[in-house]
Amino acid sequence: MQYEINEKSKTYKNNTIETLTNIKQQQQDNKQLKKHPQPARLQFQIKRSKLFNNPLENLGISYPIYYDTSSLSKLDKQIQFAIKISAYKDFISSIAFQNSIFVEAPSDKNYPLYKAYVGKGNNSQLIRMIFKKRTWWTLTDQKEDSIINILWTQLRSQKFLDQLNNGETIKNTLTMNTIQSFEKNIKINNFPHLLKMHNHLEDNFHLTNKKALFYNMRSYYQSIGKNVFQYLPLTFHIQEGKEDSEYIKFKEYFQEQQKKNQPNIWIIKPGEITNRGCGIKVLNDIYSIQLIIDSKETHAISGIRKTYIIQKYIENPLLYQKRKFDIRCYYLLTTFNGNLKAYWYQEGYVRTSSQEFTVKNFNKNIHLTNDAIQNKDDTYGKYEIGNKVSYCDMNKYIQQNYPNKDFYYNILPQMKNIAKDTLNAVYAKIDPFRKENTLEIYGLDFMVDQQFNVWLIEINTNPALDICSPLLSKIIPEMIENTFRIAIDPVFPPAGFTNFKNNFNIDNPLENNKYELFFDELTDGNNMKIIENDQKLNWDTINKEEEKLEENE
């Protein structure tokens, strides 16, 4: 429910302008710091204000979100709590402002204020725990509860999405130079407890469906004069068996490779509705490939004929201690007020094979690194706990074995650039109605070859949140907590904190934030040519298939 500007919103406007000025000044200070590096990390002094006179009564007053943690520990616990909560509130207010979200925190301090439903599976206990930390939330076991604010499930619920309002594109970006137009753009919502949010975006198949991702990326790269197969392995999508024109092209290429005595190994995988390595084959003979693609099998639920992706196997992968690996990364998509944004998560991890690499044996445990395959191997966890390696350890290995190479310099930037290209390719298609409040976490899988070229393998909705190693016990909970701070807390803020013994033990939200905005439709989208839908695919059919059978990868 939206209201016209009133006295409260004018006060909010003045506070926001002041906050913007502080942020701008801080950015200038940071630039100066980069020009004149200090020997230690910059520490921001705790400035005295009336907050210290009566810290709990003045919570909500704008307070610097930067503070010196070591100095903070010397203060009274009640003051520590007040500073941390003020910093937290400033952080989520800043995120809200950047997304043109102006939600007035409820004045009623009785908890809980909001209600969430968390579906079972994919470490739902972790999601429930993070909600429970926020005492202004309560959990319900009734999925059909009419007053649910957030529906967090493994599968997308179109029924719930249909309850969300369609967003309106914000035409004018609010900047310091256009602050006078503030009152035209601001929307104050006095009743955030009436808002709804889902953890999936409409038409997310454009990213997560294997054949749709291929077509979208091909269309995008063609539009900017690039070859898609510099970023994705050589791919053929077979829809009609051995008579398909794409299969005929593949067969010709395969035979040319044979004549040249070149490596001729291929990955065969379902074009849709697959995860956890199901249905994937590693083959090098044309007869076996043709048997699969010409099988005329249909999907059990829809009755639609299965299609297949034939993709060139990366025969010269970069290895970790003689074993194959891939890299799992994350980004978060949000839609607020008609604007799509994406945030790159700065941490991920490496998934390793349990067995030494060879192209003479096509055992899945050698070639496929996802947990569903590896955890069935007798040697799973022999070399690394849970077959997981951190970015830091991977970088050490690369520096020791490949002079002048560096994970953070040679690999990570390539992954980020390709990830942004996926958004350039689909931003005009995914979430077409820009539902009012939606978010989604995606898991991206990359491989690296011996020349340090990075290849996008696939993108997964509902990426696995299971914790099978100490490394993941750090990365995954922090990633979900950061997701809440970016996408949920700004829309559903707490009313107030009156007890410093509150269970909400917050850290420094700025120092520990690991998301970075790397796509904003208002700026990046305006510079992009909108890619037309590829006419070779029935997008509505893909959406229907994926809606029924999505599962976590």
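Quick note: to get the numbering used here, add 10 to the position in the sequence shown (first position is 1). Even for Gly, the Cβ is constructed at its ideal location relative to N, Cα and C. In this text the structure is predicted, and so the values were computed from the model without any measurement.
According to DSSP, what are the bridge partners of V458?
BP columns for V458 point to V464.
Taking buried to mean at least 16 other C-beta atoms within 10 Å of its own C-beta, is R51 buried or exposed?
Caution applies to R51, whose pLDDT of 28 falls short of 50 and renders its modelled position unreliable; the model cannot decide the point.
Between which two residues does the alpha helix (DSSP H) holding E526 run?
Not the alpha helix (DSSP H): E526 falls in the beta strand (DSSP E), residues Y525 to D530.
Just grab the DSSP bridge partners of C7 for me.
Not covered by the structure: residue 7. The range shown for the chain is 11 to 563.
Let me confirm a value: L43 is counted as buried when at least 16 other C-beta atoms fall within 10 Å, else exposed. Which label applies?
The pLDDT assigned to L43 is 38, lower than 50, so where the model puts this residue is not dependable, and the model offers no usable value.
Here's a check: name, in chain order, each residue in its chain whose Cβ is nearer than 7 Å to the Cβ of V436, leaving out the five neighbours to either side.
Within the same chain, V436 has close Cβ partners H216, L217 and N226.
Excluding the five sequence neighbours on either side, which residues of its own chain have a C-beta within less than 7 Å of the C-beta of M451, listed in chain order?
As written in the sequence, residue 451 is Ile, which differs from the Met given in the question. These residues qualify, in order along the chain: Y340, L342, P473 and T493.
Can you give me the start and stop residues for the beta strand (DSSP E) that T148 sits inside?
W147 to T150
Nearest-angstrom Cα distance between T317 and I516?
The alpha-carbon atoms of T317 and I516 are separated by roughly 49 Å.
Could you give the distance in angstroms between the alpha-carbon of N434 and the alpha-carbon of Y230?
7 Å
When we look at the beta-carbon of E154 and count the other beta-carbons within 10 Å, is it buried (16 or more) or exposed?
exposed
Looking only at its own chain, which residues have a Cβ that is under 8 Å from the Cβ of D431, when we skip the five neighbours before and after it?
M227, Y230, Y231 and Y241
Please state the DSSP three-state secondary structure of N405.
In the structure shown, N405 falls within a helical segment according to DSSP collapsed to helix, strand and coil.
With a threshold of 8 Å between beta-carbons, can V458 be considered close to chain B, or not?
Of the protein chains in this structure there is only one, and it is not chain B.
Between the beta-carbon of K415 and the beta-carbon of F462, is there less than 8 Å?
yes
Looking at C-alpha atoms only, which residue of N133, I319 and K143 is the closest neighbour of E282?
Nearest C-alpha to E282: I319.
Who pairs with T218 in a beta bridge, going by DSSP?
Looking at the DSSP assignment, T218 forms no beta bridge with any residue, so it has no partner.
Can you look up I320 in the DSSP assignment and give me helix, strand or coil?
Look at I320 here: in three-state DSSP terms it is strand.
Mind checking Y418: buried by the 16 CB within 10 Å criterion, or exposed?
exposed
How close, in whole Å, do the beta carbons of D6 and D441 come, if the pair is a contact with beta carbons under 8 Å?
Beyond the ends of the chain as shown, which are 11 and 563, falls residue 6; an answer cannot be given.
Does DSSP put H377 in a helix, in a strand, or in coil?
When secondary structure is reduced to three states using DSSP, H377 falls in the helix class.
If you draw a straight line from the alpha carbon of L149 to that of L136, how long is it in whole angstroms?
13 Å
From the DSSP output, in three-state form, read off Q365 for me.
strand
Please classify F346: does DSSP put it in a helix, a strand, or coil?
strand
Taking a contact to mean a Cβ-Cβ separation below 8 Å, would you say L449 touches A497 in this structure?
yes
Apply the 10 Å Cβ neighbour rule to P503 and answer buried if 16 or more other Cβ atoms are within range, or exposed otherwise.
Burial state of P503 is buried, judged by a 10 Å Cβ sphere holding 16 or more other Cβ atoms.
Taking 8 Å as the cut-off, does the segment 165-178 touch the segment 397-417 (at least 3 CB pairs, one atom from each stretch)?
no
Note down the Cα distance separating W146 from I160, rounded to an integer number of angstroms.
Rounded to whole angstroms, the separation of the alpha carbons of I160 and W146 is 13 Å.
Leaving out the 5 sequence neighbours to the left and right, which residues in its chain are closer than 8 Å to Y401 when beta-carbon positions are compared?
E357, G358, Y359, V360, F417, Y418 and L422
What residues match up with V501 in a beta bridge as DSSP calls it?
Partner(s): none; V501 has no beta bridge.
Cβ atoms of W162 and G131: under 8 Å apart, would you say?
no
Residues in the same chain with beta-carbon distance under 7 Å from P487, minus the five sequence neighbours each way, listed in chain order, please.
L136
I'd like to confirm the pairing. Which residues does DSSP put opposite H247 in its beta bridges?
Note: H247 sits in a beta bridge opposite I319.
Label L547 either buried or exposed according to how many other C-beta atoms from any shown protein chain fall within 10 Å of its C-beta, with 16 as the threshold for buried.
buried
List the whole-angstrom C-beta distance separating F367 from K334, where the pair is believed to meet the contact cut-off of C-beta under 8 Å.
5 Å
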